[in-house]
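Visitor:
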Amino acid sequence: MKVKYSLWLILGLAVTAWAESPADVELLSAQKAYQAALSAQSASQSKALQLQTQLQSAQLQLKNAQDNVTRLQNDFNQADVQRQQADAALQAAGTRLDAAWQGVHGR
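Residues -19 to -1, 1 to 88 in mature numbering (1 follows the signal peptide of the UniProt record, and there is no 0) are what the sequence shown spells out, letter by letter.
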């Protein structure tokens, strides 16, 4: 693309030097328009590639975040089950302690 652009630029400069007739002026104008379109096409292609790279990076970050959320949810669920078991064990131990206390100190 850069070689093509350079060739058109050189050709455009050469034409400028001898452009005299209306056809020559039109050719020069058409060449400049082509150069501008080529430059715009190159810029838009570059922008699209940049955005595609950013999109792929963001999608990977999103997947990693979703995987992390899933892992944390599983860890939380396991911790919650353990907490409930500990609560139940504490309740049972408290009930046993109350019964033993009542057995010793009776009311």
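Ideal Cβ placement from N, Cα and C applies to all residues, glycine included.
Which residues mark the beginning and the end of the alpha helix (DSSP H) in which SER38 is found?
Guide: Mapped onto the sequence shown, residue 38 falls at position 57. Looking at the DSSP string, the run of the alpha helix (DSSP H) that includes SER38 is 3 to 86.
Visitor: What is the rounded straight-line gap between the Cα of residue 154 and the Cα of GLN22?
Guide: Past the edges of the chain, shown from -19 to 88, lies residue 154, and the structure says nothing about it.
Visitor: State the Cα-Cα distance for the pair LYS32 and ALA24, rounded to the nearest angstrom.
Guide: Working through the sequence shown from its first residue, we reach residue 32 at position 51. Working through the sequence shown from its first residue, we reach residue 24 at position 43. This sequence places Leu at residue 32; Lys is not what is there. Those two C-alpha atoms are separated by around 12 Å.
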